[in-house]
Each structure stands twice: as structure tokens, then as C-alpha cells.
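Protein chains in written order, with our numbering: chain A, 255 to 621; chain B, 6 to 358. No residue lacks a Cβ here, since even glycine has one placed at the ideal position from N, Cα and C. Read through the structure below, which is laid out as C-alpha cells, and then see the notes.
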Amino acid sequence: MIIMARTDPFLENPVEIQKKLVAAIAADPKPARIMHICGTHERTIAKYGIRSLLPAGIEVLSGPGCPVCVTPDDDIDTAILLAKKGLTVITFGDMLRVPGTEESLFDARAEGADVRMVYSIDDAVKIAKEHPEKEFVFFSIGFETTIPTTAAAVLRGFPPNFSIYTSLKLTPPAIALLVSDINVDAFIAPGHVAVITGTVPYNDFARAGYPFAVAGFESYDILLGIKMLTDQLKKGTSFVENAYVRAVKAEGNVIAQKMMSDVFDVSDVEWRGLGIIPGSGLVLKEKYKEYDAGIKYKELYAPALEKIREIRAKKKKNCICAAILTGKATPADCPMFGKTCKPANPVGPCMVSDEGMCHSWYKYCRD
Amino acid sequence: MAKENRISMEHGAGGQLMQSLIGEIILKNLTNTKAGTVGLESLDDGATIALDRSFLSDNPNAELVMTTDSHVVKPIFFPGGDIGKVAVCGAVNDLAVMGAKPLAVSSGMIIPEGFSITDLEKIVQSMDAALNEIGVPLITGDTKTIEGTALDSIIINIAAIGICDAPVRDCGLRAGDKIIVSGFIADHGMALLTKREGFEFNSDLESDTAPLWKMIEPILDVKTADGKRAVTAMKDPTRGGVADALNEMAQKSKVCIRVYEEKLPIRETVHVSCEMLGLDPLEIANEGKAIIGVHHDCAEYVLGLLKQHSYGRDAAVIGEVVDEKPGKVILVSALGSTRYVDVPTGDPIPRVC
């Protein structure tokens with residue numbers, strides 16, 4: 255926007271630079287399928303109409319990069335059950351609209367359950383301290399970007415009436431699954447995640463033949479990443495490049511990494527659309543199990559969850575979110591897109607979050 | 006003593022306590038309460054509005070315009086205003102963008118027991134200040150109290166009545182018109198979000214809440230070469246932001262609006278905090294802005310008139326009306342890429358990371 259363009263602290267003349275990048279990408283284009291794996295990248299790409307600037311053969315696909323979108327039904331149903339059993343469930347705003355098997359947290363709230371929205375776990379802890387008479391569960395979702403703040407809060411300690419139900423995911427194992435399964439030539443790696451993890455986790459994929467570019471979240475960051483990847487594909491090289499040097503270091507944020515490993519153990523967890531991926535999630539270590547709402551309240555929700563699982567098994571959603579999350583289909587391929595599935599009444603999770611591929615297409619690209 | 010400074014159920018019971026509340030807190034703080042022979046201070050069953058006979062005879066198609074708007078705001082006091090100011094501005098701005106001169110307003114307040122009387126007095130004072138700015142009286146009102154358990158904050162309804170020679174509609178855009186926005190967008194919504202959620206950025210950002218009639222009045226008289234009104238359509242982009250208002254104007258007028266991203270007046274602090282929270286400034290509320298469709302020959306002149314008023318100082322031509330894709334709003338980026346601007350789903354929700 256006008257002000258940002260004038261005073262951008264990182265670039266003298268972002269519009270001119272971007273025009274040059276677009277021209278360079280368009281010169282002598284080689285067809286390429288490039289996947290990003292970050293909801294915020296999808297938002298930037300759609301918001302700035304970046305796909306409309308690229309030559310016909312260069313496709314930008316959206317991978318499983320939205321933490322809301324990959325949270326499985328089972329975790330959402332559990333959070334809803336905890337709320338309906340009389341606990342106060344606190345989570346991030348865009349989790350509230352995601353439909354579980356039968357309803358969303360918003361629906362549960364309309365029926366009288368105490369469901370609240372915060373911007374960080376610290377706000378949730380504060381609410382719990384102010385209301386010692388109530389029991390609070392923080393529904394903790396997210397990737398490497400939000401996990402360190404959760405770890406830091408655990409290390410600081412929770413009041414006795416506060417625990418967390420975790421649905422935390424690590425991105426590299428999901429990329430490993432994707433490269434074995436789908437037809438992609440190169441990846442744009444998520445800048446926020448790489449701030450924490452560094453660029454090292456992507457080296458194995460580069461050695462396996464996939465060019466990687468770590469990119470930031472302005473339109474010029476993304477265009478620079480695409481330029482780096484198309485250059486590599488033309489030359490036939492594959493290594494990890496950093497298009498986000500102002501924020502990402504090769505080794506990442508070592509302090510945050512240590513906090514994560516001090517608080518959590520790596521575990522096999524379910525991703526919506528991808529199934530259970532080995533080593534792709536984090537759960538609280540044994541010594542923090544008093545903080546684990548999944549253990550603390552198991553008797554409260556487990557029997558009801560079994561019943562909901564039976565209902566879920568019989569229900570067949572027509573939703574192709576799984577194929578969209580893995581870049582095998584676009585929202586336009588879904589029979590429900592824009593008809594029965596809209597942002598105001600989402601059927602699948604990709605339509606819920608502002609970072610979801612379907613939401614983004616509905617909002618910015620729909621004719 | 007503390008107890009006496011709070012609203013109790015008896016303040017709404019029609020007896021002495023209610024009389025003193027109306028007299029001491031409401032009437033005392035209002036400067037202008039009459040539009041005819043019977044005004045608020047008469048405490049009669051209704052109020053009257055005198056008619057301007059010469060306006061009626063000069064304008065045979067003159068019509069009255071009426072609007073009503075109920076307000077709940079969290080927090081009730083925010084940087085740049087409060088619920089009283091926003092309630093008054095919301096109603097009189099609805100008249101202004103219809104091209105109507107506001108004649109009078111009514112006020113209906115529903116107050117929970119336990120509400121601070123000092124706060125109520127501040128709210129009435131800011132209603133009065135906003136009304137005085139455009140010379141409009143508050144001529145009739147109603148006050149009810151309700152159990153504190155049933156309501157957690159004050160609700161204010163303002164109905165406003167005005168008069169116009171011919172209404173300006175939101176469906177009047179024609180291909181070729183220029184689209185003007187009267188100043189920086191998204192200030193109100195971001196100021197409230199910042200205050201409500203206790204964010205530590207945007208510390209000096211204020212809501213844009215303002216009564217716009219004096220800014221709009223002069224542009225209504227601008228005529229095209231063939232004697233028609235230059236302003237073809239107007240709307241105030243409140244909840245739902247500029248995105249919602251532009252879509253409504255495009256759909257009702259059956260035209261396409263192209264908006265140029267680099268022309269949108271957005272404060273740097275608003276832009277940066279929206280980026281951080283994953284929000285789109287186009288979808289954030291305003292309470293002191295107008296979106297104006299103007300015949301292309303008169304756009305620069307109208308822009309100049311707007312800029313002469315303090316509320317229109319940062320006005321800008323942000324786009325134009327074109328013949329393609331009726332009902333759509335297209336945003337063109339500085340790079341020349343395009344995307345649709347959609348109607349927001351509900352309240353903007355900040356993202357996870």
C-alpha cells in the first residue's frame with residue numbers, strides 16, 4: 255500500500271524491484287510446479303495476485319501450511335467436548351469456526367459452553383489466574399512458529415486450574431511425506447518457521463533434488479523466492495537458498511529450539527488430509543503431564559469421543575480438502591466450493607481460516 | 006456515596022430518581038434541544054420540528070430522510086471518542102451520505118444497573134459536542150434501566166431525521182465515475198481492537214469518529230456541464246469497512262469498481278498492524294469516512310472541496326467505475342496484478358501466527 259511502499263525499511267523501491275523480478279521470471283520460462291507450505295504465504299500470494307503475474311507454465315501450489323486446516327476432527331471434537339462438559343476452553347480466533355464432526359466451537363458457545371478467544375497463551379493464563387473458581391483448557395495448535403511461546407509459558411508454570419490440550423505440528427516430516435507422494439519441482443519454505451528452525455532441516459530435501467527457497471511475507475519476498483527457484487530449475491541445481499536474510503539464520507533460534515525440546519517429546523500425530531505422520535507432532539513431556547488436559551480430563555471426554563468417532567466414520571463429507579492440502583487438486587475442482595461450502599458456512603477446514611487455500615480463493619479469485 | 010454514583014433499577018422507574026437523572030445528567034449537558042415549538046426540555050410526549058417553507062417551495066421534490074442506528078461498543082470509551090459520539094455520528098452520517106441535511110435526532114438509552122453515572126454524563130457530553138458541531142438538536146429521548154445480569158454495558162439508539170432536495174443513493178454509480186474516499190481508512194476498527202485487546206502497538210492511533218455533514222454539504226451543490234448533480238452515489242463505510250461498502254455500491258449499481266491499491270490512504274501504523282494480525286484494512290470499520298462516486302469531469306473539483314474541510318484533508322481518488330464484470334470490486338496492485346475485493350464474512354478475526 256502507499257505508505258508501506260514509501261517507507262519500507264528493507265527496500266528502496268519495492269515496486270520497481272518487483273517489476274524487474276516479474277520480468278526476469280517471465281523471460282525464457284521453464285514449466286515448474288512450485289509448492290509453498292505456509293498459510294501466510296498463500297494469503298500474500300492471493301492478496302497481491304501473484305499468480306496473475308507469472309507466466310502460464312509456472313504454477314504455485316498450496317501445501318499443508320495452515321495450522322487450522324491441518325488440525326484433525328478428533329482434536330476439534332475433543333475441545334468441543336471439554337467445553338460442553340463445563341470447562342472453559344480458550345483458543346485462537348480462527349479455530350472457533352472450524353467444524354468438527356457435528357459442530358464447531360462457535361456452535362458450542364451459542365449453546366451455552368464457555369469458549370473464549372485470545373491472541374496468545376499468556377492471555378489465557380492471565381484469565382485463568384483472574385478466575386481461580388473455574389477450570390481452563392487452552393486448545394494449543396500451531397507449527398514451529400507458535401510452539402516456542404507455548405513452551406515458554408509451560409516453563410514459567412501454570413496455575414492449578416489451567417492445562418493445555420495440544421495439537422502441535424512439525425513441518426519437515428510433512429514435507430518428507432509430500433516429496434514421496436506428489437508431483438512438485440521445488441518448494442518455497444515458510445519464513446516464520448525457518449526463523450525458529452533455521453534452514454538446516456531443508457538440506458536433506460535439497461540433497462534429494464528439490465530446490466528450496468526460504469521466503470518472507472511481502473510480495474517481493476515471494477517473487478524473489480520464485481525467481482531463485484526458477485533459476486535453480488533452469489540450471490538443474492538443488493540447494494537451500496535464503497530469500498529472507500533479514501530474519502532467517504541458518505541455525506535458526508537456538509534458544510527457542512531448546513525450550514521446545516525441554517518441554518515436548520516428538521510423537522506421531524494425525525494431520526487432516528494426510529493421516530498419521532511419524533515424528534510430526536509434539537506432546538508434553540512426562541514431567542509436565544499435570545498440564546496435559548488430554549490426560550487430566552480423559553475420563554470426562556473419552557466415552558463421548560468414542561461415540562462421536564462412530565458418527566464420524568458413518569458420515570461421508572464430500573470435501574476434497576485432503577487433495578487440496580497436498581496440491582493434487584485446486585478449490586475449483588471441489589463440487590462444494592462456493593456452493594454449499596462458503597466462508598460463512600464452511601464444510602471443510604480449508605474454507606475456515608483466512609490462510610486456508612479455499613478461503614483465499616473464494617475471497618480473492620472467485621468469478 | 007459510591008452507591009449514589011451508579012445507576013439503579015429505580016432510575017428507570019418513572020419516579021423522582023428518574024426525573025433527576027434526566028434533569029441533572031441528560032438535559033443539563035445538552036445545549037440544543039429544540040427544532041420546533043416543543044423540544045426535549047418540555048418533557049412532553051413527543052417533540053416537534055418546524056418546516057422550512059422556503060426550502061419546500063424551492064424544492065418541489067424535497068423529501069424527509071429518516072434513519073435509526075443502535076450502538077454497542079467495547080470499550081465504551083476509546084481513543085478518539087466514545088459510544089455517545091459514535092452513536093450520534095453513525096446516525097447523522099447516514100443522513101449526510103443520503104444527501105440530507107440533519108434536522109433533529111432522538112436518543113434511546115438502555116442502561117444496566119450499576120453503570121457509572123459519571124460515565125453516563127461523559128457520554129451525554131460527547132453526544133452534545135458532536136451534535137453542536139453540525140448544529141443539530143436532540144429533541145426527544147427515552148431512558149430505560151435493566152438488571153445488570155441481563156446486560157453488561159450501555160446501549161444507545163439514535164434515530165435521525167433530515168431533509169434533502171433529492172436523495173443521493175448507493176445505487177447511482179455509472180461507468181466512468183471516479184471513486185473518492187474522504188480520508189485514511191480503518192482507523193476506527195484498529196483503534197478499538199488495539200484498546201480492547203490491550204496491544205502495545207498503535208498507542209497513538211485514534212478512531213476517526215466524526216460528523217460529516219459540513220464536509221459533505223458543499224459537494225452536493227456541484228453540478229456537471231449538463232446541470233446534473235456531480236455526486237452520483239455515496240455510502241459511509243462503517244462495519245465491514247470499505248470492502249463491504251464498495252461491494253454494495255457495485256452490486257446495487259450493477260457496475261464494476263476498480264480500486265488502485267497504491268491510491269488507498271492507509272496510515273503506516275494501521276498497515277503494519279493489519280499485516281501483523283492478518284487483517285485487511287479494507288475490511289476494518291470506519292466511523293468518519295464517506296465513499297463518494299463522482300462524475301469524472303468533476304472529480305478533481307469535488308476532491309478539492311473535500312480537502313478544504315478538516316475531515317476531508319486526506320481525501321483521495323481511489324478508483325473508477327468500469328463497464329466489465331457488473332457487481333464486482335477489483336483491486337489493482339502497484340505491480341499491476343489484480344484480485345477481487347470480497348464482502349467480509351463477519352467480524353475480522355486475527356490469525357494464529
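Classify residue i as buried or exposed, calling it buried when 16 or more other Cβ atoms lie within 10 Å of its own Cβ.
{"i": "B:I297", "result": "buried"}
{"i": "A:P557", "result": "exposed"}
{"i": "B:L69", "result": "exposed"}
{"i": "B:K294", "result": "buried"}
{"i": "B:S338", "result": "buried"}
{"i": "A:G303", "result": "buried"}
{"i": "B:D209", "result": "exposed"}
{"i": "B:M239", "result": "buried"}
{"i": "A:R260", "result": "At A:R260, the pLDDT of 37 sits below 50, so the modelled position is not reliable and the matter cannot be decided from this model."}
{"i": "A:S417", "result": "buried"}
{"i": "A:A586", "result": "exposed"}
{"i": "B:E152", "result": "exposed"}
{"i": "B:G44", "result": "buried"}
{"i": "B:P286", "result": "buried"}
{"i": "B:L284", "result": "buried"}
{"i": "B:R58", "result": "exposed"}
Starting from residue i, trace the alpha helix (DSSP H) both ways and give me its first and last residue.
{"i": "B:T145", "result": "No alpha helix (DSSP H) holds B:T145; the beta strand (DSSP E) holding it covers L143 to I151."}
{"i": "B:S62", "result": "R58 to D63"}
{"i": "A:R410", "result": "I401 to R410"}
{"i": "A:P426", "result": "T425 to D435"}
{"i": "B:A10", "result": "The sequence as given places Asn at residue 10 of chain B; Ala does not occur at that position. Neither: B:N10 is in no alpha helix (DSSP H) and is coded neither H nor E."}
{"i": "A:P268", "result": "P268 to A280"}
Against chain B, with Cβ distances strictly below 8 Å, would residue i count as a contact?
{"i": "A:D608", "result": "yes"}
{"i": "A:A448", "result": "no"}
{"i": "A:Q511", "result": "no"}
{"i": "A:S316", "result": "no"}
{"i": "A:L307", "result": "yes"}
{"i": "A:C573", "result": "no"}
{"i": "A:R297", "result": "yes"}
{"i": "A:G303", "result": "yes"}
{"i": "A:V494", "result": "no"}
{"i": "A:V369", "result": "no"}
{"i": "A:P597", "result": "yes"}
{"i": "A:M514", "result": "no"}
{"i": "A:V276", "result": "yes"}
Shorter than 8 Å from the beta carbon of residue i to some beta carbon of chain A?
{"i": "B:T154", "result": "no"}
{"i": "B:T199", "result": "no"}
{"i": "B:G245", "result": "no"}
{"i": "B:T42", "result": "no"}
{"i": "B:L308", "result": "no"}
{"i": "B:R318", "result": "no"}
{"i": "B:G188", "result": "no"}
{"i": "B:E202", "result": "yes"}
{"i": "B:R174", "result": "no"}
{"i": "B:L136", "result": "no"}
{"i": "B:S338", "result": "yes"}
Pop quiz: residue i and residue j are said to be a contact at Cβ under 8 Å. What is the actual Cβ separation, rounded to whole angstroms?
{"i": "B:I30", "j": "B:L125", "result": "6 Å"}
{"i": "A:V324", "j": "A:A333", "result": "Their Cβ separation, rounded to whole angstroms, is 15 Å, which puts A:V324 and A:A333 out of contact at 8 Å."}
{"i": "B:R201", "j": "B:P349", "result": "Rounded, the Cβ-Cβ distance is 18 Å, inconsistent with contact."}
{"i": "B:W218", "j": "B:I139", "result": "4 Å"}
{"i": "A:C619", "j": "B:R344", "result": "7 Å"}
{"i": "B:T150", "j": "B:H16", "result": "5 Å"}
So residue i is in the beta strand (DSSP E); what residue range does that whole segment cover?
{"i": "A:F346", "result": "T342 to F346"}
{"i": "B:D74", "result": "E68 to H76"}
{"i": "B:H301", "result": "Element bounds for B:H301: n/a, residue is neither H nor E."}
{"i": "A:M371", "result": "V369 to V372"}
{"i": "A:D519", "result": "F518 to W525"}
{"i": "A:M289", "result": "A286 to H290"}
{"i": "B:G113", "result": "K106 to P117"}
Exercise for review: Assess, as a yes-or-no matter, whether the segment 285 to 292 of chain B is touched by the segment 178 to 194 of chain B under the definition of 3 or more beta carbon pairs within less than 8 Å.
Suggested key: Of all C-beta pairs linking the segment 178 to 194 of chain B to the segment 285 to 292 of chain B, three or more are shorter than 8 Å, placing the two stretches in contact.
Point to revise | Cβ contact check for the segment 177 to 188 of chain B and the segment 316 to 335 of chain B: 3 or more pairs under 8 Å | key: Yes: at least three Cβ pairs fall under 8 Å.
Check your understanding: Is the segment 529 to 544 of chain A touching the segment 403 to 422 of chain A in the sense that three or more CB pairs, one from each, lie closer than 8 Å?
Key -> With three or more CB-CB distances shorter than 8 Å, the segment 403 to 422 of chain A counts as touching the segment 529 to 544 of chain A.
Practice item. Assess, as a yes-or-no matter, whether the segment 407 to 419 of chain A is touched by the segment 357 to 365 of chain A under the definition of 3 or more beta carbon pairs within less than 8 Å. Key: Judged by Cβ distances under 8 Å, the segment 357 to 365 of chain A makes no contact with the segment 407 to 419 of chain A, as fewer than three pairs qualify.
Review point. Counting Cβ pairs closer than 8 Å, one from the segment 306 to 319 of chain A and one from the segment 559 to 567 of chain A, do we hit at least three?
Key: Cβ pair count under 8 Å is below three, so no.
Check your understanding: Within the chosen definition, does the segment 454 to 473 of chain A reach the segment 492 to 502 of chain A through at least 3 CB pairs nearer than 8 Å?
Key -> Contact between the segment 454 to 473 of chain A and the segment 492 to 502 of chain A is present, with at least three C-beta pairs closer than 8 Å.
Check your understanding: Would the segment 35 to 55 of chain B and the segment 140 to 148 of chain B be scored as touching if the rule is three or more Cβ pairs under 8 Å?
Key -> In short, these stretches touch, since the Cβ pair count reaches three.
Point to revise | Given 8 Å, three or more beta-carbon pairs between the segment 212 to 231 of chain B and the segment 101 to 112 of chain B | key: The segment 101 to 112 of chain B and the segment 212 to 231 of chain B touch, with three or more beta-carbon pairs separated by less than 8 Å.
Review point. Is the segment 542 to 551 of chain A close to the segment 439 to 452 of chain A, with three or more CB pairs under 8 Å?
Key: Contact between the segment 542 to 551 of chain A and the segment 439 to 452 of chain A is absent, because fewer than three Cβ pairs lie under 8 Å.
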